[in-house]
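Quick note, the sequences are listed as chains A, B, C, D, E and F, same order. Each residue of the first sequence is one higher than the one before, counting from 1 in this note's numbering. Each residue of the second sequence is one higher than the one before, counting from 335 in this note's numbering. Each residue of the third sequence is one higher than the one before, counting from 669 in this note's numbering. Each residue of the fourth sequence is one higher than the one before, counting from 1003 in this note's numbering. Each residue of the fifth sequence is one higher than the one before, counting from 1337 in this note's numbering. Each residue of the sixth sequence is one higher than the one before, counting from 1671 in this note's numbering. As structure tokens, the structure follows; a few thoughts come after it.
6 protein chains.
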Amino acid sequence: MTRRFVDQLRDGDQLDEIFLATDKQLRVNRKGAQYVQLMLRDRTGGISARLWNAGDHVFRSFDDGDFVLAEGKVQLFEGSLQVILTHVERAEAEKVELTDFMPHTEHDVGKLTERLRGYLLRLSNPHLRALAECFLMDDAFVRGFVACPAGVKLHHAYVGGLLEHTVTMMDIADRLLPFYPGTDRDLVLMGVFLHDAGKVRELTYRRSFGYSDEGQLVGHIAIGLEMLTEKAADVPDLTGEPVPRELLLRLKHMVLSHHGTLEHGSPRVPMTPEAMLLHAIDLMDTRMHMVLRDVKEDRNSQTAWTPYNPTLQRRFYKGGGNGDLYSPAMESYD
Amino acid sequence: MTRRFVDQLRDGDQLDEIFLATDKQLRVNRKGAQYVQLMLRDRTGGISARLWNAGDHVFRSFDDGDFVLAEGKVQLFEGSLQVILTHVERAEAEKVELTDFMPHTEHDVGKLTERLRGYLLRLSNPHLRALAECFLMDDAFVRGFVACPAGVKLHHAYVGGLLEHTVTMMDIADRLLPFYPGTDRDLVLMGVFLHDAGKVRELTYRRSFGYSDEGQLVGHIAIGLEMLTEKAADVPDLTGEPVPRELLLRLKHMVLSHHGTLEHGSPRVPMTPEAMLLHAIDLMDTRMHMVLRDVKEDRNSQTAWTPYNPTLQRRFYKGGGNGDLYSPAMESYD
Amino acid sequence: MTRRFVDQLRDGDQLDEIFLATDKQLRVNRKGAQYVQLMLRDRTGGISARLWNAGDHVFRSFDDGDFVLAEGKVQLFEGSLQVILTHVERAEAEKVELTDFMPHTEHDVGKLTERLRGYLLRLSNPHLRALAECFLMDDAFVRGFVACPAGVKLHHAYVGGLLEHTVTMMDIADRLLPFYPGTDRDLVLMGVFLHDAGKVRELTYRRSFGYSDEGQLVGHIAIGLEMLTEKAADVPDLTGEPVPRELLLRLKHMVLSHHGTLEHGSPRVPMTPEAMLLHAIDLMDTRMHMVLRDVKEDRNSQTAWTPYNPTLQRRFYKGGGNGDLYSPAMESYD
Amino acid sequence: MTRRFVDQLRDGDQLDEIFLATDKQLRVNRKGAQYVQLMLRDRTGGISARLWNAGDHVFRSFDDGDFVLAEGKVQLFEGSLQVILTHVERAEAEKVELTDFMPHTEHDVGKLTERLRGYLLRLSNPHLRALAECFLMDDAFVRGFVACPAGVKLHHAYVGGLLEHTVTMMDIADRLLPFYPGTDRDLVLMGVFLHDAGKVRELTYRRSFGYSDEGQLVGHIAIGLEMLTEKAADVPDLTGEPVPRELLLRLKHMVLSHHGTLEHGSPRVPMTPEAMLLHAIDLMDTRMHMVLRDVKEDRNSQTAWTPYNPTLQRRFYKGGGNGDLYSPAMESYD
Amino acid sequence: MTRRFVDQLRDGDQLDEIFLATDKQLRVNRKGAQYVQLMLRDRTGGISARLWNAGDHVFRSFDDGDFVLAEGKVQLFEGSLQVILTHVERAEAEKVELTDFMPHTEHDVGKLTERLRGYLLRLSNPHLRALAECFLMDDAFVRGFVACPAGVKLHHAYVGGLLEHTVTMMDIADRLLPFYPGTDRDLVLMGVFLHDAGKVRELTYRRSFGYSDEGQLVGHIAIGLEMLTEKAADVPDLTGEPVPRELLLRLKHMVLSHHGTLEHGSPRVPMTPEAMLLHAIDLMDTRMHMVLRDVKEDRNSQTAWTPYNPTLQRRFYKGGGNGDLYSPAMESYD
Amino acid sequence: MTRRFVDQLRDGDQLDEIFLATDKQLRVNRKGAQYVQLMLRDRTGGISARLWNAGDHVFRSFDDGDFVLAEGKVQLFEGSLQVILTHVERAEAEKVELTDFMPHTEHDVGKLTERLRGYLLRLSNPHLRALAECFLMDDAFVRGFVACPAGVKLHHAYVGGLLEHTVTMMDIADRLLPFYPGTDRDLVLMGVFLHDAGKVRELTYRRSFGYSDEGQLVGHIAIGLEMLTEKAADVPDLTGEPVPRELLLRLKHMVLSHHGTLEHGSPRVPMTPEAMLLHAIDLMDTRMHMVLRDVKEDRNSQTAWTPYNPTLQRRFYKGGGNGDLYSPAMESYD
């Protein structure tokens, strides 16, 4: 049976569905009776729910962040929909389709993964190709890499976002490299692959997106560097010789400097053509993703401008606006 | 009949007046009955109003930003005044006295306009005088210039504000020029006239103050430059010769650089005595306007300080405070 | 009888206690009856209180910031505790134990004062020792110095905080000086004593913490300098000769530059070894105080991180977190 | 006869060639005799020259910046080459091959121009295509556009540099647009064409590279905007209708915002997808040009690093360095 | 006999004049003979001088910074003038006309002083008028105030500069105050008088301009505050009552905040109308002084631009330039 | 035989000593004869030397950076000492006492090393103690750590500087920890040990101080992190269990954040008490080292101020100055 998502609920609907429970509270109404209030969430949004005459027993039967089976009825109250529950109980996470609860890339993860492998396994430089293989042979890493978002909120904030962002950047690098002879193709592609790889451990993304403690204390740049050092140590098993010192140095430098400036958290600024190009492509792709998403997702037709984007500190122009016509001078001036 | 303004309404008043409608909502009360809620506004403030048992038909009969004729009764509810409406309908904008709905300069716009013309028509430099005439002959421009505020919120944010700010700066320049020989009087006065002229198209000010799309995307500096180039092309019709190249360059430079620094949106910093003086007078007049307005308008006698001014990131001292007396050390220390 | 503090009140308690009254309002309920609402506060927190059927007479009988005797009963309402008052009247400040109403250093003020005097009266330099005596002989100053907090919110924001911060810094300086030969011990200790002494007049701390008008307009650095100049003029009465010009200059420089940079409000940067060391110790002690307080006071065991600290613009890691475990990659990756 | 360039001169060579004269001085030797000293320059460098026993007459016979016919002999003096002149006289600029005196793009200007025209004349949007035609029909503009450098020193600082930079960016945009659906291809290409077009008037590039007065006072962004407004006014002659208001606004916005931030001289930040992409491509191409040029042009094989680049405030890594080997720890550590 | 200044010396002149000696060196020529080399300076410039065959005895007979009587002959050497001395000896400072050695205001110091006294003695506020009198009665202060420059290099860097700058600002304030009702005239004038008064001790200006140790360590803002506090203590002797607390606080605040921002060395930003106006006038007058001086003093007619001004980080446009004509596009484009 | 250092050479001395050769040039004198010029350096300074009538053969017989045996005579020329060589030849580095050529800590390296080992081997935490042992057992690391400077120019720029800086910070931490309960002693000491350990590979210090390529491209923070990860992997060999995850995370965080802010190259800001304290002690010790060194090393008694320190952008006050006395106002004013 198809799931009914939060954004499909209507006044009067009967409800019997699994949700992510958050903001659980035990409250007392005006008559002194206890009740439990919580939010029921899935990837489309959240709805408030109440179970009347429920006390400590129910309150302790599940935790914030658990999945719960919720039964009850949807009704309109003071202009908003809410759920009056008849029953709520903890559901096993195993029975849950996680993708119902977290936003997901619109692209096919399998195909993206194939393109990633294609780029990496066709690298000319045998050391870099072997290094890539060491990463691809690590199942846990790959599992994380294809699931991880590229960010918690800023851009590509959905399951598969890191993979999508990485493969798009590889495609772009592939097309731009002919313009910049003197820039090493293999290094650029490998740098693109690894630049955000540390996010696999920086972020948490099992039920919701957040930062791990390691992510906060160490950050994806240093984590990525550590992963690179670790895998580079495995390369001689494949090639019989260590990754050449200068090659490895150049690759580390790319991971370290890809944010472009110290203020943005890179302890080194780009000092090679490859590091420069990696930073430029990364900046372009994250910014283009933000502006196009803001314009596309804004459904408010009353204004020609998107809501304020706090990261970029601006609104974007959607167009079609008649804002100018408000000016009396304008009316006769044009 | 004199209008009763929002800030004159009292508990029990019968109401039959035109207001600007905003924040329109269709809501449902606890018994499930629909009602319409909206804000009624004029230039003195706003009051919440409800029309009970009114549904979609009424809700759709007017838009946010429309003028409405509102009939009903004022009453006190939970410590605040509100209006219980008996009738609400869209009013024709033509019948409305716009100045009732927007704040207005306290000065006489006619006299301010005369002083502006006086300065401009007495310029010694025939090219600049002719250029000024080209602007003054453009009725649409003049209509906008005398109505436009100088800002949406920051300073001179009222109808006629641009005119008042401009003429005050001309008066100031007139008095300061003798101190700075080597500074061209005609250029300074013309630069003052044009520095914010682009606001005529940057801002919207028919019913409320805001930014036009052109204002957001291009900004008053570039708009002003465009207006200047356009009018300069008309000068030969009056004088028989083009505006001398260097003179025009110096004037453009003044408009471009009047914000003083790149970070404040001027793509060039002042590099002539005239541009330097224009920037200094503009900065002084806008800041003095802000501090004097904040001190004057603050009616809170409980504190010696005005509310926080987010533009200047500070509070101002109104004085008469006894704040010091709170300190025990102080009591015996002085 | 021991005082029952706000954080000890329980549903059903009878109340007969003195509180600091704030947020006083005269309101009207749905039936049109007036009532008085206010907050009752002490150093442990605040609780909302209502006196039903009380009008203008009660409302005017005390002011915000007064101490009041409150009688009534504590009850739970919509999940929160509130007080239904039966009687409220202004209480004399003289009868009030001020320390019940303001947070206080955990150290013994008497002992801290003795350590301060010990350091100062054992200074080798006779001019500086005499200068210190001039401060210590000023009873009003000393009364303020031992009561004043070191800040309103940032750090050591409690009665005695300035004293505690100062003595701790002296202890630290005492231990560090052997590492930096060429740094004058007496100057460092005297500079530590005086660096924040101006806070005695900058802050208000009789009933709550705030800034005096002088504090806002002049600031503790300039106030401290003024106090230093004034006391230095008294030194010849003790020693028979003026404080040597260079010595006084070096001390003034330390007070002036102790914030380290112009952006932080010091009009001079440290340019002597003693000023440099003073700034370094001050920075260390204020920051260590903040991080240790945030970690210690945070009772939220659900997260490994403290709430956001706006001054330092970061959260602190409390540890013991399992945040990392949320990541699916992590589970198998480690 | 082929020109012998400055970097081809050898000790003992007879000289009879045209050079650009700079740094002209009239000096007196130890014996009191006057002589004329000057620098002889072409696009490969400069060499010092002296004409003994030459006085005021010769000194005044040409100006700095003139072309001169120089006859004499090259000789080694204190380790450097210099020219001892027998004759020097002013040469007519008409006889001079300007490209001998200024660096030149390595690409074929004719082919670049064809590619530029190809992109522009194949635009789908009839208004933008007509606008492009208005520019291309302006012979003086085109003559400037194909000759102008893209910068005085920073990047593409050679004759044809603006054209090369523009066409490269169009090629790049052409390849990147498929990645960013929702971004208008015609607007992006037209924005790329116009973003630096104002440099045609901002820079001077007849005999050496510099800034015109208009360039200093107004800058290429405002000049470009003026050129755009002027040409847009001609469009109706071709299409019978004005350029749509919003389309023109979006294009102006792109020119205005292409530096990305206010601090870099753009009075507006990019607020449309097209403006965002234009800025990203411009930043990438200018930076890649700089790093690749610095690496390629550095002939110093003693160090693995290029000279300090003051614009980007860093050195670049050329590689092949053994710098690490200097560390004693390193020797045994690896 | 009229002094011959450095800028009046010609080849062949006999010299017998007093100069300020600087850059003294004892050197050895190629034949091993010792000689003394030094610079002879007055307010118009400096000239190099040598005394052949002079050893340690002469070298030690005067110090850098002394006045010396120099006898010898001016001659041209390698294109520059120098002096071959026959005799040099230390001269008594008492015999020296100091104004020959330091630049001086072009205004009449007596008249400026009278205007200053006029403003101050006509203040309406009796407290401020008495405070002004306390300053004016202090002869040492007045002697310093009329001699002191307003800066070492930036602006008004000549004897009498502080007085000239102060009186000009008073004149300007006098004319601007009518535009800003709500701004206290007496406070503004008194604030202008005192804002830079601390420079009397911050700077040294007996033989050349520099900073005193107190100036470096404490700075003119804190010195000025100290002077204000000291004089305010004398007011009761004149008026029988102390300067009202709030009035004095407002005046201190003006001195403290007149640089406008913390980064510029003011530990407080302007928070009263009077402090705001003082800062604005100060900024305007110092900047206008700089731009007009740079334009006026630049004698280089080869360029339309002044030399780079490092304080304001820009060149100024003198005009009359033909810079644009260098552009080939331009030639046909206009 | 004791070495005669550069700063001990006198006019007329015969020379037969080993120096570091730099700035080698092959030049031609006025008569056309070739000669070799070079600088001879040791840790006390450098002296210019010439070998007349020496051509390409000698020039190529050694490289810049080689040690050379130099024979010749010291003589005074134009006021400076120089060496006229009779013979120069490459010397074997093995025969050279390296400490003659590089500045060295004044402390006993053996004792410093013992103190370092003492702190580390007495750590209570068995995991951290074992980790420390892993570093101490690595002979190559220890050899680098005791030789490495703490910086190239800024502070502790001498052989043994890193060790001295580290041990001093441990001593300081030891004394400060009692003031900050809640701060883990073992973590702080271990963090101090490792914070700059990456400099062992970042810097080069065999013959002169500089940066390795790895140092430039990766930097000591990331290098240190890599060393920490590597050694942590060896800990289980000693303890039988891995370093606890959170403990290692906290230690990595300390290394990463010890510069305090992103702008200073730390990709993370301090977020634990231990990281905060490490940063504060590091900042204090480096700054105190700079100011005390500048004051101590400045031998210029003509001024009360040290030369400009470009890192800290200020001069330091040495004291004893009479600078104030230059002011005429001052003379009578005090």
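Don't be surprised by glycine CBs; every beta carbon is placed ideally from N, CA and C.
Original post:
If you draw a straight line from the alpha carbon of residue 1725/F to that of residue 1876/F, how long is it in whole angstroms?
Top reply: As a position in the sixth sequence, residue 1725/F is number 55, starting the count at 1. As a position in the sixth sequence, residue 1876/F is number 206, starting the count at 1. The alpha-carbon atoms of residue 1725/F and residue 1876/F are separated by roughly 30 Å.
Original post:
Does the beta carbon of residue 1265/D come closer than 8 Å to any beta carbon on chain B?
Top reply: Here residue 1265/D refers to the residue found at position 263 when the fourth sequence is read from its first residue. Yes, its Cβ sits closer than 8 Å to a Cβ of chain B.
Original post:
Hey, does residue 976/C have any beta-carbon neighbour from chain A nearer than 8 Å?
Top reply: Stepping through the third sequence from its first residue, residue 976/C is reached at position 308. Closer than 8 Å: no.
Subject >> Integer Cβ distance of residue 1168/D from residue 1198/D, believed to fall under 8 Å >> reply: As a first step, residue 1168/D must be located in the fourth sequence, where it is residue number 166. As a first step, residue 1198/D must be located in the fourth sequence, where it is residue number 196. About 7 Å; that satisfies the 8 Å criterion.
Original post:
How long is the line joining the alpha carbons of residue 1534/E and residue 988/C, rounded to whole angstroms?
Top reply: As a working note, residue 1534/E is residue 198 in the fifth sequence. As a working note, residue 988/C is residue 320 in the third sequence. Roughly 57 Å between the two C-alpha positions.
**OP:** Could you tell me whether the Cβ atoms of residue 563/B and residue 1653/E are closer together than 8 Å?
**Re:** Your numbering for residue 563/B matches position 229 in the second sequence. Your numbering for residue 1653/E matches position 317 in the fifth sequence. Their beta carbons are not under 8 Å apart, which means residue 563/B does not touch residue 1653/E by this criterion.
Subject >> Other residues of its chain near residue 517/B: CB distance less than 8 Å, five sequence neighbours each side excluded >> reply: For this step, residue 517/B is matched to residue 183 along the second sequence. So the list reads 511, 607, 608 and 611, once near-sequence residues are dropped.
**OP:** Please work out which residues of its chain come closer than 6 Å, Cβ to Cβ, to residue 1949/F, disregarding the five sequence neighbours upstream and downstream, and give them in chain order.
**Re:** Counted from its first residue, the sixth sequence places residue 1949/F at position 279. Closer than 6 Å at Cβ, skipping near neighbours: 1928, 1930 and 1940.
Subject >> Rounded straight-line distance, which links the Cα of residue 1737/F to that of residue 1710/F >> reply: Residue mapping note: residue 1710/F aligns to position 40 of the sixth sequence, counting from 1. Residue mapping note: residue 1737/F aligns to position 67 of the sixth sequence, counting from 1. Computed Cα separation, rounded: 9 Å.
Original post:
What does residue 931/C pair with, by DSSP beta-bridge criteria?
Top reply: If you number the third sequence from 1, residue 931/C lands on position 263. DSSP output for residue 931/C lists no bridge partner at all.
Original post:
Contact check, residue 1938/F vs residue 217/A under 8 Å by CB: the rounded distance?
Top reply: As a working note, residue 1938/F is residue 268 in the sixth sequence. As a working note, residue 217/A is residue 217 in the first sequence. Right, the Cβ-Cβ distance comes to about 7 Å (below 8 Å), so this counts as a contact.
**OP:** Could you please give me the residues that DSSP links to residue 1698/F through a beta bridge?
**Re:** Here the question's residue 1698/F lines up with position 28 in the sixth sequence. Note: residue 1698/F sits in a beta bridge opposite 1704/F.
**OP:** Give a yes or no on contact between the segment 1288-1295 of chain D and the segment 1220-1228 of chain D, applying the rule of three or more CB pairs nearer than 8 Å.
**Re:** no
Subject >> Of the listed residues 293/A, 77/A and 3/A, nearest to residue 363/B (C-alpha basis) >> reply: Taking the second sequence and counting its residues from 1, one reaches residue 363/B at position 29. Of the listed residues, the one whose Cα sits closest to residue 363/B is 77/A.
**OP:** Please name the residue, chosen from 124/A, 150/A, 231/A and 242/A, that lies closest to residue 187/A on a Cα-to-Cα basis.
**Re:** Here residue 187/A is taken as the residue at index 187 of the first sequence, counted from 1. Of the candidates 124/A, 150/A, 231/A and 242/A, the one whose C-alpha sits nearest the C-alpha of residue 187/A is 124/A.
Original post:
Can you find a CB in chain F that lies within less than 8 Å of the CB of residue 1552/E?
Top reply: Translated into the one-based positions of the fifth sequence, residue 1552/E becomes position 216. Chain F contact via Cβ: present.
Original post:
Under the criterion of a Cβ to heavy atom distance below 7 Å, does residue 740/C qualify as lining the ligand HEM?
Top reply: Because no ligand of any kind appears in the structure shown, any question about the ligand HEM cannot be addressed here.
Subject >> Bridge partners - residue 71/A, DSSP secondary structure assignment >> reply: Taking the first residue of the first sequence as 1, we reach residue 71/A at position 71. BP columns for residue 71/A point to 16/A and 87/A.
**OP:** Kindly indicate which residue of 474/B, 447/B, 546/B and 492/B has the alpha-carbon position closest to the one of residue 504/B.
**Re:** Against the second sequence, residue 504/B aligns to sequence position 170. Of the candidates 474/B, 447/B, 546/B and 492/B, the one whose C-alpha sits nearest the C-alpha of residue 504/B is 447/B.
Original post:
Relative to chain B, which residues along the segment 1195-1224 of chain D have a C-beta separation below 8 Å, given in chain order?
Top reply: Within the segment 1195-1224 of chain D, the residues whose Cβ lies closer than 8 Å to some Cβ of chain B are 1215, 1216, 1218, 1219, 1220, 1221, 1223 and 1224, listed in chain order.
Original post:
Between the Cα of residue 1153/D and the Cα atoms of 1266/D, 1204/D and 1248/D, which residue gives the shortest distance?
Top reply: Looking up residue 1153/D in the fourth sequence gives position 151. The residue with the shortest Cα to Cα distance from residue 1153/D is 1204/D.
Original post:
Which residue comes first and which comes last in the alpha helix (DSSP H) that contains residue 376/A?
Top reply: Residue 376/A lies beyond the range of chain A shown here (1 to 334); nothing can be said about it.
Original post:
What do you reckon, are the CB atoms on residue 490/B and residue 573/B nearer than 8 Å?
Top reply: For this step, residue 490/B is matched to residue 156 along the second sequence. For this step, residue 573/B is matched to residue 239 along the second sequence. The answer is no: Cβ separation not under 8 Å.
**OP:** Please go through the same chain and pick out, in chain order, the residues whose beta-carbon is closer than 6 Å to the beta-carbon of residue 331/A, but skip the five residues on each side of it.
**Re:** Within the first sequence, the letter at position 331 stands for residue 331/A. Since pLDDT at residue 331/A reaches only 31, below the 50 mark, its modelled position is unreliable, and the value read off the structure follows with that caveat. Nothing meets the Cβ criterion.
Original post:
Short check: CB of residue 47/A to CB of residue 98/A, under 8 Å?
Top reply: Taking the first sequence and counting its residues from 1, the one referred to as residue 47/A is at position 47. Taking the first sequence and counting its residues from 1, the one referred to as residue 98/A is at position 98. No, the pair does not count as a contact, with Cβ atoms beyond the cut-off.
Original post:
the segment 1693-1709 of chain F: which residues have C-beta closer than 9 Å to a C-beta of chain D, in chain order?
Top reply: 1695, 1696, 1697, 1698, 1699, 1700 and 1702
Subject >> Local conformation of residue 1674/F per DSSP, three classes >> reply: On the sixth sequence, position 4 is the one that residue 1674/F refers to. Three-state result, residue 1674/F: coil.
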